[in-house]
Amino acid sequence: MKPLPVQQPDREPELGARLRNHRLRVHITIEQLATATGLTKGFISRVEREQTSPSVTSLVKICRALRVDIGALFEEPPTSLVRLDDAPAVDLGGAGIHERLVSAPELEKAQVLRATVEPGGEGEDSLYTVDCETEILHVISGHFLLRTAGGDYELESGDTVTFSGREPHSWRNLGEEPAEVMWVLVAG
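Heads up: the sequence shown begins at 1 in UniProt numbering, then just goes up one per residue.
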């Protein structure tokens, strides 16, 4: 039987960068990691900068100290593609707005909505809140008004405003053309 050709990935897994990310996530300095593993700071720094590869023994020590499974370092992180035409429609209220969920539906900590707001389209008359920690509104095109309890923000194409998800607000398209906006809702 003829051996099957094994295709190598186009790029090597960035082991050093992944180790550095795990170290930073658990708030450990290179010096603390060196002490915990018995390895030198210089060696760990070179590994993180992809200048050297750790032996299996060194990698095991680093992973134990970081409390990360070695296999997790070699897994490809999930990637999700949502095409605008295929994005599910959502309705968060308001008139003259067509919203689509353009982030991966399984995301729990962040949601990205792309909306087309017709001229004169507007949110509720009374200010409301959305169940999230932070909201980010980016105006792709058009002339848009964000109303908050603290004041109004007239936004033009390219403007972005970030505010607390607990801040009561509403909105309106002030222009004579449809406005394209992106809402990012971030959970706490």
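We treat Cβ as the ideally placed atom computed from N, Cα and C, and that holds for glycine.
- Of the candidates V90, R67 and V102, V102 places its Cα closest to the Cα of V82.
- The way I'd put it, the region 147-154 doesn't touch the region 85-104; fewer than three beta-carbon pairs between them come closer than 8 Å.
- Annotated as proximal: S58 and L39, with beta-carbon spacing under 8 Å.
- Rounded to the nearest angstrom, the gap between the Cα atoms of L19 and R166 is 36 Å.
- The secondary-structure analysis by DSSP pairs T148 across a beta bridge with G151 and H169.
- Rounded to whole angstroms, the separation of the alpha carbons of H22 and L113 is 30 Å.
- By the neighbour-count criterion, in which 16 or more other beta carbons inside 10 Å mark a residue as buried, Q111 falls on the buried side.
- Between H169 and E156, the CB-CB gap reaches or exceeds 8 Å.
- Closest option to G71, judged by alpha-carbon separation, among D131, V60 and W171: V60.
- For L66, same chain residues with a beta-carbon under 8 Å away, outside a window of 5 residues either side, are L19, H22, R23, V26, I28 and L33 in chain order.
- Secondary structure note for G121: its beta strand (DSSP E) is the uninterrupted segment A110 to E122.
- Buried is the label assigned to E99, since at least 16 other Cβ atoms lie within 10 Å of its Cβ.
- Here S45 really is in contact with I30; their C-beta atoms are around 6 Å apart, less than 8 Å.
- The alpha carbon of G175 has as its nearest neighbour, out of G120, V161 and S55, the alpha carbon of G120.
- Remark: C-beta atoms of G188 and E106 do not approach each other more closely than 8 Å.
- The Cβ neighbour count for E14, taken over all protein chains shown within 10 Å, is under 16; the residue is labelled exposed.
- A check of alpha carbon separations from T162 across E177, L145, D69 and L137 identifies L137 as the nearest.
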